[in-house]
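Notes to accompany the following structure.
Dropping the structure here:
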């Protein structure tokens with residue numbers, strides 16, 4: 089009789105986005121076998137098309153004073169940057185009512201207290217990841233710019249809140265100091281606020297490099313696999329059931345982690361848990377500077393956030409060429425943001441892309457209209473669904489017993505809103521700690537998956 093113990097089944101992660109990749113990374117680092125099941129392609133969706141911001145400064149959630157009222161005013165305006173499509177969707181309106189209840193300062197501060205530690209953890213972990221993964225990691229900060237003087241001055245209240253409650257002060261810039269700091273801004277721009285702890289990277293490069301690193305560590309990545317449920321025996325998930333082009337099957341599992349982003353509600357019945365994640369549709373497009381006759385030396389040197397037009401601008405490098413100041417010159421600018429609650433609509437509306445270019449052109453010397461629909465650049469336009477929660481805080485942790493079968497080894501890591509990239513490493517490390525029984529490096533209580541099912 090052999091004394092050799094059989095090898096434990098892998099931890100199965102459902103979802104091959106940046107959060108799933110981070111969970112796989114830290115679980116493998118902890119010595120666990122890992123299999124990722126991805127219904128489409130690893131690193132696609134929001135993990136590919138986002139603006140690449142790593143933003144500890146984004147500690148306040150989307151739900152804030154006046155946000156719900158703005159969304160309702162824009163209900164029938166197709167060109168509004170923040171828009172709810174006028175359609176009957178009971179699940180969405182339930183979500184919106186919960187969101188509206190949190191559109192106040194006290195709720196925002198409470199959410200920020202939950203987001204802050206995970207954002208700080210992730211930013212620190214990126215310092216290590218950025219040195220090992222080829223992702224154009226640049227710790228150059230973030231400049232929030234305002235065209236109108238009144239809007240610039242009004243941001244002082246938010247800056248004071250971030251400084252006093254979260255120790256996140258910004259450097260205020262105006263006039264000649266702003267022009268010297270970021271020469272790419274048009275003269276009409278009134279001022280800006282600079283957060284030096286923020287950083288950026290190229291998300292598609294990150295996912296490509298992370299995939300190679302995970303494969304080298306023995307992580308199995310299976311694409312084109314749609315998970316349909318879990319086999320639970322004796323209070324534990326023993327297998328993850330799926331379908332693929334080869335038919336139905338089951339992946340043996342020592343634990344399961346649902347990290348399916350905006351598609352996580354598809355698992356609501358299998359989890360036995362109310363999953364209040366709504367798809368907040370975002371857009372991005374990539375402007376290649378040489379194709380538009382734009383001088384890389386005149387492009388912004390750091391990411392910009394433009395709240396008046398709800399647009400983010402991130403410089404993406406095309407190589408190691410640097411200027412005399414040591415800054416790598418961008419080959420392209422990624423414009424992104426916009427928020428549209430219109431269900432799971434995959435279409436890309438040109439008028440929504442135009443909001444990005446027109447908004448950015450008020451601050452920078454970029455084309456005011458998006459390139460033609462037949463533009464040859466493949467990554468020129470993108471739309472995807474952000475996994476939005478009513479309180480702006482993700483769902484991370486063990487799934488509590490509820491309507492379904494109780495399973496002590498079933499976890500969720502989803503609902504990261506617009507901060508999936510910023511929160512991914514901290515989330516992955518926390519999931520690895522919870523799965524392995526290690527001491528959590530941050531308090532997991534604010535992210536409890538069952539917090540919306542209480543009462």
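In the numbering used here, the protein residues as written are 89 to 543. We treat Cβ as the ideally placed atom computed from N, Cα and C, and that holds for glycine. Since the structure is predicted, the reported quantities are computational estimates derived from the model, not experimental observations.
| Query | Result |
| --- | --- |
| Own chain partners of residue 397 with C-beta closer than 6 Å, once the 5 adjacent residues on each side are dropped | 447 |
| Limits of the unbroken alpha helix (DSSP H) element including residue 295 | 291-304 |
| The stretch 250-266 touching the stretch 95-113, judged by at least three CB pairs closer than 8 Å | no |
| Nearest-angstrom Cα separation, counted from residue 317 out to residue 230 | 42 Å |
| Residue 224 classed as buried or exposed, judged by whether at least 16 other C-beta atoms fall within 10 angstroms | buried |
| Beta-carbon gap between residue 537 and residue 487 smaller than 8 Å | yes |
| Buried versus exposed, by CB contacts within 10 Å (16 or more), residue 458 | buried |
| Delimiting residues of the beta strand (DSSP E) encompassing residue 430 | It is not in any beta strand (DSSP E) - residue 430 carries neither H nor E in the DSSP assignment. |
| Coarse secondary structure for residue 362, derived from DSSP in three states | coil |
| Residue range of the unbroken alpha helix (DSSP H) whose run includes residue 158 | 155-161 |
| Local conformation of residue 329 per DSSP, three classes | strand |
| Beta strand (DSSP E) segment containing residue 502, residue limits | 498-502 |
| Any alpha helix (DSSP H) of 4 or more consecutive residues that is wholly inside the stretch 92-150 | 106-117, 134-137 |
| Residue range of the beta strand (DSSP E) that includes residue 486 | 483-486 |
| Identity of the residue in 222, 177, 285, 121 nearest residue 143 by Cα | 285 |
| CB contact below 8 Å: residue 219 versus chain B | The structure shown contains no chain B; it holds only a single protein chain. |
| Collapsed DSSP secondary structure at residue 152 in the structure displayed | coil |
| Through-space distance from residue 489 to residue 178, alpha-carbon basis | 25 Å |
| Simplified DSSP assignment, three categories, for residue 471 | strand |
| C-alpha distance - residue 483 paired with residue 263, whole-angstrom precision | 43 Å |
| Distance between beta carbons of residue 109 and residue 349, contact taken as under 8 Å | That belief does not hold up - the Cβ atoms of residue 349 and residue 109 are roughly 12 Å apart, past 8 Å. |
| For residue 533 and residue 291, the rounded distance between their alpha carbons | 29 Å |
| Run of the alpha helix (DSSP H) containing residue 249, from where it starts to where it stops | 237-254 |
| Residue 326 versus residue 520: straight-line alpha-carbon distance, rounded | 18 Å |
| Rounded separation between residue 122 and residue 347 - CA only | 14 Å |
| Whole-angstrom distance between residue 485 and residue 153, CA atom to CA atom | 29 Å |
| Beta-carbon proximity check, residue 130 vs residue 299, cutoff 8 Å | yes |
| Residues sharing a beta bridge with residue 371, DSSP | 425, 471 |
| CA-to-CA distance, residue 499 to residue 206, given in whole angstroms | 18 Å |
| Reduced DSSP category for residue 523 - H, G, I as helix; E, B as strand; rest coil | helix |
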